[in-house]
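Everything below concerns the one structure shown next.
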Amino acid sequence: MNIKVNMRADIDGFDKKKSTVASGWVEIEGIFKFPVSVRSYHDADKGKDMMFVSYPQRHDGDKYVGVVYPTDRNVRQEIDKAVLDATREKLFAELVPNVQIDDIRITPLNANEGAVIKNVGIATVKMYGLTINGIMIREGRKGLFVQMPQYQSRGQYRDTVYGITTAIQHKIEDTVLERYQAIKKQQEQQYTQQQKIQVGSDETVVLNPQMLQEMQNMRQQEQMMRENQQISQQEAQNRERQAQQERQRQEQQRQEQQEQERQRQEQQKHENPDKKELWHLLNMAGAVIEEQQLEDIYATPRSKDAYLNYLEMVRSEYVKQGEKLTDSEALTRNDIQIAYLNKAISNIEQIRVSMMDEVYERQEATQQTTQPQQIYSNEEAISVMELNFAQNNKEGIRFVAKNSKLNIDNLIIVGKYIRAQSFTIENGNDKVFARFQNELNGMEHMRTGPLLIRQQIVMQVFKDGVPQPPYLYASFRADNMNDALENYNQCVYTWANLTNQRLSELMKISNVKKQEMRAPKI
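Residues 0 to 521 (numbering that gives the first Met the number 0) make up the sequence shown, in order.
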């Protein structure tokens, strides 16, 4: 049984022989938890104190009724053992060992009367062959307290040395404060004695040479104490100055390291990822790429964007496939492929094309923005199907796009393993509908992931509202991933030329359509 116990020991109650020595919580199998307490009693027969676990109860009339308690004996023994073992560990950790302090040296300080927390003394403790310097004795609103030597890290002060338990910390603090109080009391007595001597007459001092000698000794002691105090203050100031210089040096070193790391990252941004590494990542992700295609990705933004779109589609198919897998080994293999694919996509996104390619891209984008929004003019007669478009009609079909409009629809799903995108040209009752679709091999998709086996562009013409036979504009078949990718890119460019739209514009319009469909209807 999985049992987790969290107990808090009452060390004062244990010392004072109270009945309850610990309390806490028990968690069973990570499902539920309940409070328990550990009580002590004196066993007269055994002649020693014993402990037992008390389960939660409620008062019902004149008796107590158990709320949670184990009915199985083995379960009770297992829970009791876990609770009692945890309680013994807590009690043992909080018990005060025989701490041996060899020597304590206290140097009182002149407190700053205007400060909220005053430094009234510095202590040096010798114990177990070690010397601990810089223990500050401070006085606040609630009285005296001890502060162990500290250092600053990330804007916070932390103790350099400290006792491993609260009880040991209290032991050291009580011993230091006790010695400090003794020294202060001695100083007050000396000061009182000095006042008594000063108020005495000169005649008394002359007639009492012993008192005169004591007064001289007292003055010498006060002079030595002042000198020791000045030396201690100077040492404390020197240590604080050295600590401040060390903190400044560490901060400067940290800033230099951050600047070096920033420069390294900035340099990496301007360096293209290694081609061999990218090829290896794509190979491990199951997205094999030819050498020429890899060169095109590094050469032109269009090839880079097209291949990124393809990888995004492959990643979505991997994710869907992982949701259907139940075999742990297959799930692990799927996760590894997705990890390699994510790394490959990240590397491709970091590729920077040459400056000339970027100039061509900007010029092409500027030309597109200056072109009129209407793609087809009213006077132009447009042939939407060329001779190689109509396989069944050698003469082809001509369609006049007078007063027409072009609608590019969002990315849609046709069937279970077909991805398609469509557009229509309308002119009254005359309409041309075109669809660009990718068909996936269903069996191959279930076993090893999506495999494009056919890409095609199909058109359907409506004349006077009457549908005409469909015609195939472009069609490709592929038996492997390399051919499928090459054919996919050819179909993408054919589709872009047919609609007079760049691929990036098609994807942008598609994303807008998706957001409109997902937006809640008011």
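Yeah, the Cβ is synthetic: ideal placement off N, Cα and C, and Gly gets one too.
Here the structure is a predicted model, which is why all the values come from computation and not from measurement.
Residue i - containing alpha helix (DSSP H), residue span
i: Pro300; result: Pro300 to Lys323
i: Asn346; result: Ser327 to Glu348
i: Asn111; result: Run containing Asn111: none; DSSP gives neither H nor E here.
i: Asn282; result: Lys274 to Met283
Same chain, Cβ closer than 7 Å to residue i, five either side skipped, listed in chain order
i: His41; result: Asp48
i: Tyr54; result: Val35, Gly65, Val67 and Tyr68
i: Leu330; result: Gly321 and Leu324
i: Phe51; result: Arg38
i: Asp61; result: none
Cβ pair residue i, residue j closer than 9 Å
i: Met6; j: Val37; result: yes
i: Val4; j: Gly23; result: yes
i: Glu187; j: Val145; result: no
i: Ile335; j: Pro272; result: no
i: Tyr68; j: Arg57; result: no
i: Ile344; j: Leu310; result: yes
i: Gln151; j: Arg238; result: no
i: Asn111; j: Arg137; result: no
i: Val82; j: Val25; result: yes
i: Leu143; j: Leu176; result: yes
i: Glu88; j: Ile2; result: no
i: Gln102; j: Tyr127; result: According to the sequence provided, residue 102 is Asp. The question's Gln does not apply to it. Cβ atoms of Asp102 and Tyr127: not closer than 9 Å.
i: Ile350; j: Lys275; result: no
i: Gln193; j: Met214; result: yes
i: Gly139; j: Ile167; result: no
i: Leu280; j: Lys319; result: no
Beta-carbon proximity list for residue i, same chain, < 6 Å, skipping 5 on both sides
i: Arg104; result: Thr123
i: Met355; result: Low confidence applies to Met355: its pLDDT is 41, below 50, so where it sits in the model is not reliable enough to give any reading.
i: Leu340; result: Ala284 and Arg314
i: Tyr306; result: Ile296
i: Tyr63; result: Gln56
i: Ile182; result: Ile105
Host beta strand (DSSP E) of residue i (start-end)
i: Asn1; result: Segment: none, Asn1 is in no beta strand (DSSP E) and carries neither H nor E.
Close-in-space but distant-in-sequence residues of the same chain around residue i (CB under 8 Å, 5 per side omitted)
i: Asp158; result: Met147, Pro148 and Gln149
i: Gln189; result: Met217, Gln220 and Glu221
i: Gln228; result: Thr106, Pro107, Leu108 and Asn109
i: Arg153; result: none
i: Gln241; result: none
Buried/exposed call for residue i, threshold 16 Cβ in 10 Å
i: Thr106; result: buried
i: Ser18; result: exposed
i: Ala338; result: exposed
i: Ala8; result: buried
i: Ile523; result: Only positions 0 to 521 of the chain appear in this structure, which leaves residue 523 out of reach.
i: Tyr179; result: buried
i: Ala284; result: buried
i: Ile288; result: buried
i: Ala529; result: Nothing can be reported for residue 529: it is not among the residues displayed for the chain, which extend from 0 to 521.
i: Lys415; result: Because Lys415 sits at a pLDDT of 46, beneath the cut-off of 50, its placement in the model cannot be relied upon, and the following sentence gives the value as read from the coordinates. Looking at its Cβ environment, which holds fewer than 16 other Cβ atoms inside 10 Å, Lys415 is exposed.
i: Ile121; result: buried
i: Thr86; result: buried
i: Asn333; result: buried
i: Tyr156; result: exposed
i: Leu129; result: exposed
i: Gln390; result: For Gln390, the predicted model reports a pLDDT of 34, less than 50, meaning its position is unreliable; a value from the coordinates is still stated below. That one is exposed.
Minimum Cβ-Cβ distance from residue i to chain D less than 9 Å
i: Gly113; result: In the structure shown, chain D cannot be found, because there is only a single protein chain.
Q: Let me know the alpha helix (DSSP H) ranges lying completely inside the stretch 124-208, each 4 residues or longer, listed in chain order.
A: 165-198 and 201-206
(Q) Quick check for students: name the residue ranges of the beta strand (DSSP E) that lie wholly in the stretch 23-109, counting only runs of 3 or more. (A) 31-42, 47-53, 56-59, 62-65 and 102-107
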